[in-house]
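Q: Each protein sequence line maps, in turn, to chains D and L. Residue numbers for the first sequence follow this note's numbering, beginning at 1 and rising by one. Residue numbers for the second sequence follow this note's numbering, beginning at 1001 and rising by one. Beta carbons: idealized from backbone N, C-alpha and C, even for Gly.
Number of protein chains: 2
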Amino acid sequence: MDMVYKKSIETRRKILSVTKELVLQKGWNNISVRDIAELAGVKNPLLYYYFRNKQGIADHIFGSLILKTLDYAEKEVPFKDDGMLSHFLYVSLYYRILLENELYQKLYMESTHPFDSPVENVDEYDLNYMVTKQFDEIIKSYGANLDNATLKAYTISAFSVATSIFRNIIAGNLELGYKEAMFFVTRFWILSAGIDEKIFEEKMNKAIEMALQVDLESFVSDED
Amino acid sequence: MDMVYKKSIETRRKILSVTKELVLQKGWNNISVRDIAELAGVKNPLLYYYFRNKQGIADHIFGSLILKTLDYAEKEVPFKDDGMLSHFLYVSLYYRILLENELYQKLYMESTHPFDSPVENVDEYDLNYMVTKQFDEIIKSYGANLDNATLKAYTISAFSVATSIFRNIIAGNLELGYKEAMFFVTRFWILSAGIDEKIFEEKMNKAIEMALQVDLESFVSDED
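#1: Is there contact between the segment 1151-1166 of chain L and the segment 1058-1075 of chain L, where contact requires at least three CB pairs shorter than 8 Å?
#2: Might you give, ordered along the chain, the residues of its own chain that have their beta carbon closer than 7 Å to the beta carbon of residue 1076 of chain L, omitting 5 neighbours on each side?
#3: Scan the segment 24-53 of chain D and note each continuous alpha helix (DSSP H) run of 4 residues or more that stays entirely inside, going in chain order.
#4: Going straight from the alpha carbon of residue 1015 of chain L to that of residue 1128 of chain L, what length do you get?
#5: Using a C-beta cutoff of 8 Å, does residue 1033 of chain L count as contacting chain C?
#6: Under the assumption that residue 1047 of chain L contacts residue 1033 of chain L (Cβ atoms under 8 Å), give the Cβ distance between them as a whole number of angstroms.
#7: Assign residue 80 of chain D to one of three DSSP states: helix, strand, or coil.
#8: Residues of chain L with CB under 9 Å from residue 175 of chain D, in chain order?
#9: Starting from residue 1155 of chain L and walking both ways along the alpha helix (DSSP H), at which residues does that stretch end?
#10: Whole-angstrom Cβ separation of residue 1028 of chain L and residue 1110 of chain L, contact assumed at under 8 Å?
#11: If contacts are defined as beta-carbon pairs under 8 Å, then residue 103 of chain D and residue 26 of chain D qualify, I think. What distance do you get, rounded to the angstrom?
#12: Does the distance from the CB of residue 1184 of chain L to the CB of residue 1165 of chain L come in under 8 Å?
#13: Grouping DSSP H, G and I as helix and E and B as strand, with all else coil, what is residue 1137 of chain L?
#14: Determine the direct distance from the alpha carbon of residue 1068 of chain L to that of residue 207 of chain D, and round the result to whole angstroms.
#15: Within 8 Å, do at least three Cβ pairs link the segment 85-99 of chain D to the segment 139-154 of chain D?
#16: So for residue 1195 of chain L, helix, strand or coil by DSSP?
#17: Name the chain D residues whose beta carbon is nearer than 8 Å to that of residue 1298 of chain L?
#18: Establish whether the CB of residue 1160 of chain L and some CB of chain D are separated by less than 8 Å.
#19: Quick check on DSSP: helix, strand or coil for residue 1144 of chain L?
#20: By the three-class DSSP mapping on this structure, what secondary structure does residue 1069 of chain L have?
#21: Go ahead and label residue 40 of chain D buried or exposed: buried means 16 or more other beta carbons lie within 10 angstroms of its beta carbon, across all protein chains shown.
#22: Determine, using beta carbons only, whether residue 1200 of chain L and residue 1161 of chain L come nearer to each other than 8 Å.
#23: Name the residues in the segment 194-217 of chain D whose C-beta lies less than 7 Å from a C-beta of chain L; which are they?
#24: Whose CA, out of L/1107, L/1051, L/1190, lies closest to the CA of residue 1022 of chain L?
#25: Secondary structure at residue 186 of chain D, three-state DSSP: helix, strand or coil?
Structure, rendered in structure tokens:
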């Protein structure tokens, strides 16, 4: 590997790990780009070379986490074999991490624009595209069909429902357990799209069961 | 009426009308509390006596608009006579105003935290309570029954779905017409609660028809 490239990856990784450390110690709102740069041993301008701004660091951390849960789901249940189960496994694992992992929970509550939908954001990871594509294929595979605008509306809604429900749970405003919450945030678009409730329940139960088997500590500790 | 009280109402009204004027001229993000106070002819501390902060002024303007649409719906269709129709009329009128009225649209896009749900906010108007109560009674009147947490989850979701959908429509990110959008943002919780789709469609069509008959210009021009 090219030395310059390798150094660049290391610097980026250092910035991310230092940010995580600082978030756990002081909270996202109490740290500055200067604090991060200082502890990472890089100059401010270099940090801005890697990340647009402070928010860009948090977005990157969540983007990586989402990609990691998507990869995990794809490895366990390839999307082409069972799209609904694969998709549910990815979301179940992602929200289990937000409910159980202190770092991601803190960062989620403090750094995410409360309920920005992916459509309104610059999305470096094309997550919105991926999720829309997953919805489309799941819906088609169960014989339903939606025009593009409605499909996009479902993606936007699913994102904002999940975000508002989990934020309220974490804030202590809403008493739903993990399993109930997972059913709640997925059921509405499945039913609206006309997919059979029995199939949905079977897949969702299976996905939750699989997500609960993941060793979270080792899962999140791997490098981004 | 007590002179002091009357003066207080007038000052408050002046602050609100000046804010609306400034928003139309310069946009919400480009004006300060100082600008508002200056044009209203009041001192800064007095403005803070009436409103918590700048955001408090926008929240008041939306709170008033919501109360006004609720009042209108109640007058046309008393909630006790037909809860679903009355509720749909209120939301249809409210979102028609956001789509058609320049002032409210600008203020909505610039001043609202993108998807704050009412549960996370201090809510001076107890809107969350009112809407939750409406949902509860509508759902009960169609024979369904939800525990409190699920009911609250529906209120939170309905709010965040409507906000994300209409923000994306206004921003030009989502091509749904007014009628399609109204069906989209209401249908999911109605179907999830197990209410018959035919009844829903009939009420929603009727509510939209009624909301379209309102003379918006005169409706919004009345004093708050």
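A: Let me lay it out:
#1: no
#2: If you number the second sequence from 1, residue 1076 of chain L lands on position 76. Counting only Cβ-Cβ distances below 7 Å, and skipping sequence neighbours, we find 1089, 1210.
#3: 33-40, 44-50
#4: Your numbering for residue 1015 of chain L matches position 15 in the second sequence. Your numbering for residue 1128 of chain L matches position 128 in the second sequence. One C-alpha to the other measures close to 26 Å.
#5: Note that chain C does not occur in the displayed structure, where the protein chains are D and L.
#6: Indexing the second sequence from 1 puts residue 1047 of chain L at position 47. Indexing the second sequence from 1 puts residue 1033 of chain L at position 33. 6 Å between Cβ atoms; contact.
#7: One-based indexing of the first sequence puts residue 80 of chain D at position 80. In this structure, residue 80 of chain D counts as coil in the three-state DSSP scheme.
#8: Taking the first sequence and counting its residues from 1, one reaches residue 175 of chain D at position 175. Within 9 Å Cβ-Cβ: 1148, 1149, 1152.
#9: Working through the second sequence from its first residue, we reach residue 1155 of chain L at position 155. Looking at the DSSP string, the run of the alpha helix (DSSP H) that includes residue 1155 of chain L is 1148-1170.
#10: Mapped onto the second sequence, residue 1028 of chain L falls at position 28. Mapped onto the second sequence, residue 1110 of chain L falls at position 110. Indeed, because the Cβ distance is near 4 Å, the residues count as touching under 8 Å.
#11: The residue labelled residue 103 of chain D in the question sits at position 103 within the first sequence. The residue labelled residue 26 of chain D in the question sits at position 26 within the first sequence. Wrong, their Cβ atoms sit about 12 Å apart, outside the cutoff.
#12: Here the question's residue 1184 of chain L lines up with position 184 in the second sequence. Here the question's residue 1165 of chain L lines up with position 165 in the second sequence. Cβ distance < 8 Å, so residue 1184 of chain L and residue 1165 of chain L count as in contact.
#13: The residue labelled residue 1137 of chain L in the question sits at position 137 within the second sequence. Helix.
#14: Mapped onto the first sequence, residue 207 of chain D falls at position 207. Mapped onto the second sequence, residue 1068 of chain L falls at position 68. So the two alpha carbons sit approximately 45 Å from each other.
#15: no
#16: One-based indexing of the second sequence puts residue 1195 of chain L at position 195. Residue state, collapsed to three classes: coil.
#17: Residue 1298 of chain L is absent from the structure shown; chain L starts at 1001 and stops at 1224.
#18: Locating residue 1160 of chain L in the second sequence gives position 160, counting from the first residue. Closer than 8 Å: yes.
#19: As a working mapping, residue 1144 of chain L is identified with position 144 in the second sequence. Here residue 1144 of chain L sits in coil by DSSP.
#20: Locating residue 1069 of chain L in the second sequence gives position 69, counting from the first residue. Helix, per DSSP.
#21: Here residue 40 of chain D refers to the residue found at position 40 of the first sequence. Counting Cβ neighbours within 10 Å, residue 40 of chain D comes out buried, since at least 16 surround it.
#22: Along the second sequence, read from residue 1 onward, the residue named residue 1200 of chain L stands at position 200. Along the second sequence, read from residue 1 onward, the residue named residue 1161 of chain L stands at position 161. No.
#23: none
#24: The count along the second sequence starts at 1 and reaches residue 1022 of chain L at position 22. Ranking the options by Cα distance to residue 1022 of chain L, first place goes to L/1107.
#25: Position 186 of the first sequence, counting from 1, holds the residue named residue 186 of chain D. Here residue 186 of chain D sits in helix by DSSP.
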